[in-house]
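Student: Residue numbers (our numbering): 19 to 252. Yeah, the Cβ is synthetic: ideal placement off N, Cα and C, and Gly gets one too. One structure follows; several queries about it will come next.
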């Protein structure tokens, strides 16, 4: 936000304006969007919702009354600040992660990991974009494994899908997905994945691969799940 500084525009006010604009846009869009959950987890506590970075808007499918118990990991960048303010208005809690600066990224990542562990041990849930904050595309990072090992929490893979052309893929590294309205969507949840606290490095790698394959498998199954979820409306 160096441009804001050059123009002597208060950064906090600009972020506030941007977040309010984004929130109001989504409020309009959500009236034209329908999301159906398939295989939503029965477990109410100690859950890690795991998804690709491009699909973080899929969390909007979580029922409103359950959102106050879900903590979303979001970066400390200006873009992340806008997203954080919006998701608070949606009823979620947030955990702020790393910044763009390399040194701050490591420090922020450690603090975020500790916060996620603490909140899971308190009986809450967290949501992690497993290939974030900056890729590589569809490669599971170590963070979700570390948190699951320390807490015994269930990792729940999730994806969303819509065949509608109004589901846009933005020209970003993750091909970020955003529904633009009059869109029917299915949120698909996989079976829980666990890892023990005493797991060795080889087991860590195996579970990371298991999670990646589970997410890719959900992506493959999503079109059929969509047909089943909406067939009665035809």
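(1) Residue ranges of each alpha helix (DSSP H) run of no fewer than 4 residues wholly in the stretch 91 to 179, ordered along the chain?
(2) Comparing C-alpha positions only, which one of 168, 207, 248 sits nearest to residue 57?
(3) Below 8 Å on the Cβ atoms is my guess for residue 79 versus residue 205; work out the distance and round it to an integer in Å.
(4) With DSSP collapsed to three states, give me the class of residue 228.
(5) What is the DSSP secondary structure of residue 241, counted as helix, strand or coil?
(6) Beta-carbon separation of residue 51 and residue 199 under 8 Å?
(7) Measure the beta-carbon distance from residue 210 to residue 173 and round it to whole angstroms, keeping in mind my assumption that it falls under 8 Å.
(8) Is it buried or exposed, residue 31, if we count other Cβ atoms within 10 angstroms and call 16 or more buried?
(9) Would residue 221 count as contacting chain D if we go by Cβ distances under 8 Å?
(10) Please state whether the Cβ-Cβ distance between residue 91 and residue 134 is less than 8 Å.
(11) For the beta strand (DSSP E) containing residue 193, list its first residue and its last residue.
(12) Based on the DSSP output, what are the partners of residue 203 in its beta bridges?
(13) List the DSSP bridge partners of residue 80.
(14) State the start and end residues of the unbroken beta strand (DSSP E) segment that holds residue 68.
(15) Using alpha carbons as the reference points, say which of 33, 224, 60 lies closest to residue 95.
(16) Can you check whether the CB of residue 35 is closer than 8 Å to the CB of residue 143?
(17) Taking 7 Å as the line, does the beta carbon of residue 90 fall inside it for any heavy atom of the ligand PLP?
(18) Give me, in chain order, the residues of the same chain whose beta-carbon lies closer than 7 Å to that of residue 112; leave out the 5 immediate sequence neighbours on both sides.
(19) Go through its chain and collect everything with a Cβ distance to residue 115's Cβ below 7 Å, but skip five positions before and after it.
Tutor: Taking the definition as stated:
(1) With a minimum length of 4 residues, the unbroken runs of alpha helix (DSSP H) contained wholly in the stretch 91 to 179 fall at 96 to 107, 120 to 139, 161 to 169.
(2) In the chain shown, counting from the first residue as 1, residue 57 sits at position 39. Looking at the Cα atoms, 207 is the closest of the given residues.
(3) As a working mapping, residue 79 is identified with position 61 in the chain shown. As a working mapping, residue 205 is identified with position 187 in the chain shown. Taking C-beta atoms under 8 Å as the contact rule, residue 79 and residue 205 qualify, at a distance of about 4 Å.
(4) Here residue 228 corresponds to residue number 210 of the chain shown, with the count starting at 1. The answer is helix: DSSP assigns residue 228 an H, G or I state.
(5) On the chain shown, position 223 is the one that residue 241 refers to. Of the three classes helix, strand and coil, the one that applies to residue 241 here is helix, per DSSP.
(6) Counted from its first residue, the chain shown places residue 51 at position 33. Counted from its first residue, the chain shown places residue 199 at position 181. With respect to residue 199, residue 51 sits close: the two C-beta atoms are nearer than 8 Å.
(7) Along the chain shown, read from residue 1 onward, the residue named residue 210 stands at position 192. Along the chain shown, read from residue 1 onward, the residue named residue 173 stands at position 155. Your pair residue 210 and residue 173 checks out as a contact, with CB atoms roughly 7 Å apart and the cut at 8 Å.
(8) For the purposes of this step, residue 31 is taken as residue 13 along the chain shown, with counting starting at 1. Classification of residue 31: exposed, given that the 10 Å Cβ count is below 16.
(9) Reference to chain D is not applicable here, since this structure consists of a single protein chain.
(10) What you label residue 91 is simply residue 73 of the chain shown in a count that begins at 1. What you label residue 134 is simply residue 116 of the chain shown in a count that begins at 1. Taking 8 Å as the Cβ cut-off, residue 91 and residue 134 qualify as a contacting pair.
(11) Against the chain shown, residue 193 aligns to sequence position 175. Unbroken run through residue 193: none, as it is neither H nor E.
(12) By 1-based counting over the chain shown, the position of residue 203 is 185. Partner(s): 53.
(13) As a working note, residue 80 is residue 62 in the chain shown. Residue pairing by DSSP leaves residue 80 without any beta bridge partner.
(14) Locating residue 68 in the chain shown gives position 50, counting from the first residue. Run containing residue 68: 65 to 69, per the beta strand (DSSP E) assignment.
(15) Residue numbering aside, residue 95 sits at position 77 when the chain shown is read from its first letter. With distances taken between CA atoms, residue 95 lies nearest to 33 out of 33, 224, 60.
(16) Numbered from its first residue, the chain shown carries residue 143 at position 125. Numbered from its first residue, the chain shown carries residue 35 at position 17. The Cβ-Cβ distance between residue 143 and residue 35 does not fall below 8 Å.
(17) Ligands in the displayed structure: none, and consequently the ligand PLP is not present.
(18) By 1-based counting over the chain shown, the position of residue 112 is 94. Counting only Cβ-Cβ distances below 7 Å, and skipping sequence neighbours, we find 89, 90, 92, 102, 105, 106.
(19) Position 97 of the chain shown, counting from 1, holds the residue named residue 115. Excluding residues within five positions, the ones whose Cβ falls inside 7 Å are 91, 92, 93, 94, 126, 127, 130, 151.
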